[in-house]
Amino acid sequence: MDLKNNNVLITGGAGYIGSWVTRYLLEKGYKVMVVDKLSFGSESLKGLLGNSKFQFKNCDIRNIELYKHHLKNNQSVIHLAAIVGEKACKKNKEETNSVNFLATLKLAEVSAHYGVKNFIFMSTASSYGVQDINQVADENTVLKPVSLYAISKINSEKELLNKFSDKLNITIFRPSTVHGISARMRFDLIVNHLVLDAFKKNEITILGPKMWRPLMWVGEPSRIFHNVLQSEESKIKSQVFNLGTNDENFQKIEIARLIKENFVSNLKINVVDKDPDLRSYRVNFDKIYNILNYQPSKKIVEAMEEIFFSLKKNLYSDLNSQKYRN
Ligand SMILES: NC(=O)c1ccc[n+]([C@@H]2O[C@H](COP(=O)([O-])OP(=O)(O)OC[C@H]3O[C@@H](n4cnc5c(N)ncnc54)[C@H](O)[C@@H]3O)[C@@H](O)[C@H]2O)c1
300 MDLKNNNVLI TGGAGYIGSW VTRYLLEKGY KVMVVDKLSF GSESLKGLLG
350 NSKFQFKNCD IRNIELYKHH LKNNQSVIHL AAIVGEKACK KNKEETNSVN
400 FLATLKLAEV SAHYGVKNFI FMSTASSYGV QDINQVADEN TVLKPVSLYA
450 ISKINSEKEL LNKFSDKLNI TIFRPSTVHG ISARMRFDLI VNHLVLDAFK
500 KNEITILGPK MWRPLMWVGE PSRIFHNVLQ SEESKIKSQV FNLGTNDENF
550 QKIEIARLIK ENFVSNLKIN VVDKDPDLRS YRVNFDKIYN ILNYQPSKKI
600 VEAMEEIFFS LKKNLYSDLN SQKYRN
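Reading the sequence shown from the start, the letters are residues 300 to 625 in my numbering.
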């Protein structure tokens, strides 16, 4: 297939999702420029140095002067860099606003100025927040965020669509919570941390067992970004898509059961009814299936198996390290 839009600038390309996206697009034949300040180290990019199609700028996305000239050569921007997750956002409220919101708008403005065509923004399904569990949230459902993190993403979504829809092909994704192995590993995400606890202690604790979460393998965003960059404008311009699959909305207790049934038969499961994290949402993914023909490539149990494998093979230097947690 002839590639369209084959120069891509990825912010946050060294991160948990970004290091998959960077590799996947390089494999598909894109030229990739990553802008990332390496908040969690440089390990995830090391294997890419020397690839003639890969370039890297180590800087804060807010210093746009340092990398804006690269936007001239790129038809597409995939914007992943952010303060990610409520714990990190609460600790750095001002930074959350300046990185997640203000820098996003500045990046869009400069991208439009330099003639970038596609601007993909990674929002979050956490924006649905606390939903009536009898309803499954689609892209038109009223958002009910319960975190600064989600609010920073919703504000960005609105402003991007309001201010830049006529200048850029804006495509917004609200992804499910992600799991699985990545070159920049995270053990603070629900599936990964439960698998780690099961592996280390044969015991896990589930807060809010009945609360709902849509889940997705970490490699999936890469595939959908490639799809968007090769799609007709009419399918992706000014569109918001939930990213995930209808089959993988889970109550938290089901995640525990899957681990016990498939991997640790003597697992002790502690249940605490209350969770300080109030989010509970089931998400409908018909739109992405119908318009972009997207179906996930990996089921949750397969991804869990890979995490167990990596733990058994001792692939992490220090499992307690902060570099695995946002
Ligand atoms: N992981 C999930 O479950 C999930 C779910 C929904 C949405 N998302 C979104 O996907 C994107 C990627 O998430 P992730 O899990 O890979 O997070 P991550 O924290 O692993 O990656 C973020 C990357 O951005 C970089 N970064 C942060 N601030 C920066 C700045 N000011 N300048 C330059 N680089 C900066 C970090 O160094 C890191 O490499 C984020 O926008 C996040 O909101 C993630």
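All C-beta atoms, glycine included, are put in the ideal place defined by N, C-alpha and C. Predicted, not measured: the structure shown is a model, and the values here were computed from it.
*asked:* Please identify the residue among Lys345, Gln529, Asn417 whose C-alpha is closest to the C-alpha of Gly328.
replied: When only C-alpha atoms are compared, the closest one is Gln529.
*Straight-line gap, Pro513 to Asn526 (C-alpha atoms, nearest Å)*: Their backbone Cα atoms lie some 21 Å apart in a straight line.
_Which residue marks the beginning of the alpha helix (DSSP H) containing Asp617, and which one marks its end?_
Where Asp617 is concerned, there is no enclosing alpha helix (DSSP H), given that its DSSP letter is neither H nor E.
*Contact set for Leu495: own chain, Cβ-Cβ below 6 Å, skip 5 residues either direction*: Non-local C-beta neighbours of Leu495 in its own chain, meaning closer than 6 Å and more than five positions away in sequence, comprise Phe486, ordered along the chain.
*With DSSP collapsed to three states, give me the class of Asp585.*
The answer is helix: DSSP assigns Asp585 an H, G or I state.
_Just to confirm before moving on: does the CB-CB distance between Asn549 and Leu591 stay below 9 Å?_
This sequence places Phe at residue 549; Asn is not what is there. No, they are not a contact pair.
*Secondary structure at Met332, three-state DSSP: helix, strand or coil?*
Here Met332 sits in strand by DSSP.
*asked:* Given the structure, does Gly312 come close to ligand 1, in the sense that its CB is under 8 Å from one of the ligand's heavy atoms?
replied: Because some heavy atom of ligand 1 lies under 8 Å away, the Cβ of Gly312 counts as near it: yes.
*In three-state terms, what does DSSP make of Pro575?*
Reduced to three states, the DSSP call for Pro575 is coil.
*Among Arg624, Gly414, Leu610, the one whose alpha carbon lies nearest that of Lys500*: Closest by alpha carbon: Leu610.
_Our contact map puts Ala555 next to Ile505 with C-beta atoms below 8 Å; I'd like the distance itself, whole angstroms only._
5 Å between Cβ atoms; contact.
*Throw me the rounded Cβ distance for the Lys452 and Ser426 pair, which I believe falls under 8 Å.*
Taking a contact as a CB-CB distance under 8 Å, the pair Lys452 and Ser426 counts as one, their CB atoms being some 6 Å apart.
*Could you round the C-beta distance between Leu447 and Thr403 to whole angstroms and report it? I think they count as a contact, below 8 Å.*
Rounded, the Cβ-Cβ distance is 15 Å, inconsistent with contact.
_Within 8 Å, do at least three Cβ pairs link the segment 309 to 319 to the segment 329 to 341?_
Flag = yes, the segment 329 to 341 and the segment 309 to 319 touch.
*Grouping DSSP H, G and I as helix and E and B as strand, with all else coil, what is Phe608?*
Helix.
*Complete beta strand (DSSP E) runs within the segment 483 to 513 (minimum length 3 residues, chain order)*: For the segment 483 to 513, whole beta strand (DSSP E) runs of length 3 or above, ordered along the chain, are 502 to 506.
*Give a single yes or no on whether Thr423 has its beta carbon closer than 8 Å to a heavy atom of ligand 1.*
Because some heavy atom of ligand 1 lies under 8 Å away, the Cβ of Thr423 counts as near it: yes.
*What are the boundary residues of the alpha helix (DSSP H) that includes Phe463?*
Taken as a continuous stretch (DSSP letters only), the alpha helix (DSSP H) holding Phe463 covers 447 to 463.
*asked:* For a test of your reading of the model: does the CB of Ala482 fall under 8 Å from any non-hydrogen atom of ligand 1? Yes or no.
replied: No; taking the cut-off as 8 Å, the Cβ of Ala482 has no heavy atom of ligand 1 nearer than that.
*Could you name the residues of the same chain whose beta carbon sits closer than 6 Å to that of Lys352, not counting the 5 residues immediately before and after it, in chain order?*
Taking C-beta separations shorter than 6 Å and ignoring five residues to either side along the sequence, the partners of Lys352 in its chain run Leu325, Lys330, following chain order.
_Run through the DSSP bridge pairs and tell me what Trp516 is partnered with._
Paired residue(s): His478.
*When DSSP labels each residue in this structure, what does Phe400 get in the three-state scheme?*
It is helical.
*If you run the structure through DSSP and keep just helix, strand and coil, what is Asn372?*
If DSSP states are grouped into helix, strand and coil, Asn372 belongs with coil.
*asked:* Can you tell me where the alpha helix (DSSP H) holding Leu324 begins and where it ends?
replied: Note, Leu324: alpha helix (DSSP H), 317 to 327.
*Determine the extent of the beta strand (DSSP E) in which Thr310 is found, giving its start and end residues.*
In this chain, the beta strand (DSSP E) harbouring Thr310 covers 306 to 310.
*asked:* Does Phe640 pass the burial test, meaning 16 or more other C-beta atoms within 10 Å, or should it be called exposed?
replied: The displayed coordinates of the chain run from 300 to 625. Any statement about residue 640 would go beyond what the structure contains.
*Answer yes or no: do Lys356 and Glu408 have a C-beta to C-beta separation smaller than 9 Å?*
For Lys356 and Glu408, no; Cβs fall outside 9 Å.
*Scan the segment 337 to 383 and note each continuous alpha helix (DSSP H) run of 4 residues or more that stays entirely inside, going in chain order.*
With a minimum length of 4 residues, the unbroken runs of alpha helix (DSSP H) contained wholly in the segment 337 to 383 fall at 342 to 345, 367 to 370.
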